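Have a look at the structure below, then the notes.
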Amino acid sequence: MNVFRLAGDMTHLLSILLLLLKIYATKSCSGVSRKTQELYAIVFIFRYLDLFTDFISVYNTFMKVVFIASSLAIVWCMRFHPVVRRSYDRELDTFRYFFLVGASFALALIWHEKFSVQEVFWAFSIYLEAVAILPQLVLLQRSGNVDNLTGQYVFFLGAYRAFYILNWIYRYLTEPRFTRWIAGTSGVVQTALYADFFYYYFISWKNNSKLKLPA
Amino acid sequence: DDVDDTKDEL
């Protein structure tokens with residue numbers, strides 16, 4: 674594992690911890706898209722089916738279990754927690770996300786590394802992850818004001834993607850025969866979706882002002 | 010076959 678990959682995993686973990694902290698500390702999930710969180714739960718469950726078939730490392734297994742458990746916990750809180758669920762911005766979180774699921778699955782049927790159940794589901798999870806942030810970005814844009822923890826959550830989620838790209842570049846340069854067409858292409862698309870958000874995040878950081886996204 | 014080693018990433 675190289676330093677970029679580790680930084681990517683750690684910022685990913687940090688983003689999830691920040692989100693859990695926000696929900697736990699403020700007993701509120703305002704500004705958080707439940708649809709994005711449900712998409713991430715689907716992403717992790719379908720990608721980590723290999724938990725049952727392959728063992729890679731303790732680190733790998735631990736992280737997979739943490740990602741699945743934390744995404745399910747967040748979805749559970751937003752749906753069923755008696756206090757938290759009341760702050761859910763239902764009327765702002767109206768992105769038609771079944772379209773994303775369908776399109777990702779259709780693409781996985783066309784473009785995969787091998788035509789097997791596990792490989793098609795793996796490709797599906799990669800494509801879905803690339804677009805899973807869209808409901809969250811749309812919600813933030815609609816609500817205008819973004820609270821600090823939610824802003825940092827999205828920032829670290831974007832940083833995780835950027836580090837993964839550096840990781841692939843590093844591996845491409847140092848490992849013979851290294852190619853990641855599916856993950857690499859999807860990763861670039863996914864990171865590009867954050868470009869706009871990053872721009873406004875840095876502006877607010879530079880001006881030391883509250884993060885606001887233009888409508 | 011380098012399909013398998015893809016899955017060491019999360």
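Chains as they are written, first to last, in the numbering used here: chain P, 674 to 888; chain A, 10 to 19. For each residue, glycine too, the CB sits at the ideal point set by N, CA and C. All values derive from a computational prediction rather than experimental measurement.
If we ignore side chains and look at the alpha-carbon of each, how far apart do P/D727 and A/E18 end up? For the purposes of this step, residue 727 of chain P is taken as the residue at position 54 of the first sequence. For the purposes of this step, residue 18 of chain A is taken as the residue at position 9 of the second sequence. Rounded to the nearest angstrom, the two C-alpha atoms are 13 Å apart.
Residue-chain proximity (P/I718, chain A), Cβ-Cβ < 7 Å: Indexing the first sequence from 1 puts residue 718 of chain P at position 45. It does not: the Cβ of P/I718 has no partner Cβ on chain A nearer than 7 Å.
Over what stretch of residues does the alpha helix (DSSP H) that includes P/T847 continue unbroken? Here residue 847 of chain P refers to the residue found at position 174 when the first sequence is read from its first residue. Looking at the DSSP string, the run of the alpha helix (DSSP H) that includes P/T847 is 821-847.
Just reading off the alpha helix (DSSP H) that P/N733 is part of, what are its end residues? Walking along the first sequence from the start, residue 733 of chain P turns up at place 60. Note, P/N733: alpha helix (DSSP H), 731-753.
Strictly under 7 Å for the Cβ-Cβ distance: is P/M736 near chain A by that measure? For the purposes of this step, residue 736 of chain P is taken as residue 63 along the first sequence, with counting starting at 1. P/M736 counts as touching chain A.
To which residues of the same chain is P/P808 closer than 7 Å at the C-beta, ignoring the five residues directly before and after it? Here residue 808 of chain P refers to the residue found at position 135 of the first sequence. Closer than 7 Å at the Cβ level, and outside the excluded window around P/P808, lie S706, K708, T709, D766, F768, Y770.
Starting from P/K879, trace the alpha helix (DSSP H) both ways and give me its first and last residue. Counting from 1 along the first sequence, the entry for residue 879 of chain P is found at position 206. 868-879 is the span of the alpha helix (DSSP H), which, as asked, contains P/K879.
So P/M888 packs on P/Q814, CB below 8 Å; how close in whole Å? As a working mapping, residue 888 of chain P is identified with position 215 in the first sequence. As a working mapping, residue 814 of chain P is identified with position 141 in the first sequence. Note on residue identity: the sequence assigns Ala, not Met, to residue 888 of chain P. That belief holds up - the Cβ atoms of P/A888 and P/Q814 are roughly 7 Å apart, short of 8 Å.
Local conformation of P/K883 per DSSP, three classes: Within the first sequence, numbered from 1, the residue matching residue 883 of chain P stands at position 210. Coil at P/K883, not helix or strand.
Indicate whether at least one CB of chain A lies closer than 7 Å to the CB of P/I729. For the purposes of this step, residue 729 of chain P is taken as the residue at position 56 of the first sequence. Judged by the 7 Å Cβ criterion, P/I729 is in contact with chain A.
Taking CB distances under 7 Å as the criterion, tell me whether P/D762 reaches chain A. Numbered from its first residue, the first sequence carries residue 762 of chain P at position 89. So no, P/D762 is outside the interface.
For chain A, is any of its Cβ atoms less than 7 Å away from the one on P/D723? As a working mapping, residue 723 of chain P is identified with position 50 in the first sequence. Yes, contact with chain A.
Just tell me which of P/Y843, P/C702, P/S743 has its CA closest to the CA of P/P755. The count along the first sequence starts at 1 and reaches residue 755 of chain P at position 82. Of P/Y843, P/C702, P/S743, the residue nearest in Cα terms is P/C702.
Specify whether the segment 741-749 of chain P and the segment 822-833 of chain P touch according to this definition: at least 3 beta carbon pairs, one from each stretch, less than 8 Å apart. no
P/I715 and P/A796 - do their beta-carbons sit closer together than 7 Å? The count along the first sequence starts at 1 and reaches residue 796 of chain P at position 123. The count along the first sequence starts at 1 and reaches residue 715 of chain P at position 42. No, they are not a contact pair.
Please identify the residue among P/N733, P/F677, P/L712 whose C-alpha is closest to the C-alpha of P/Y721. Start at 1 with the first residue of the first sequence, and residue 721 of chain P comes out as number 48. Nearest C-alpha to P/Y721: P/N733.
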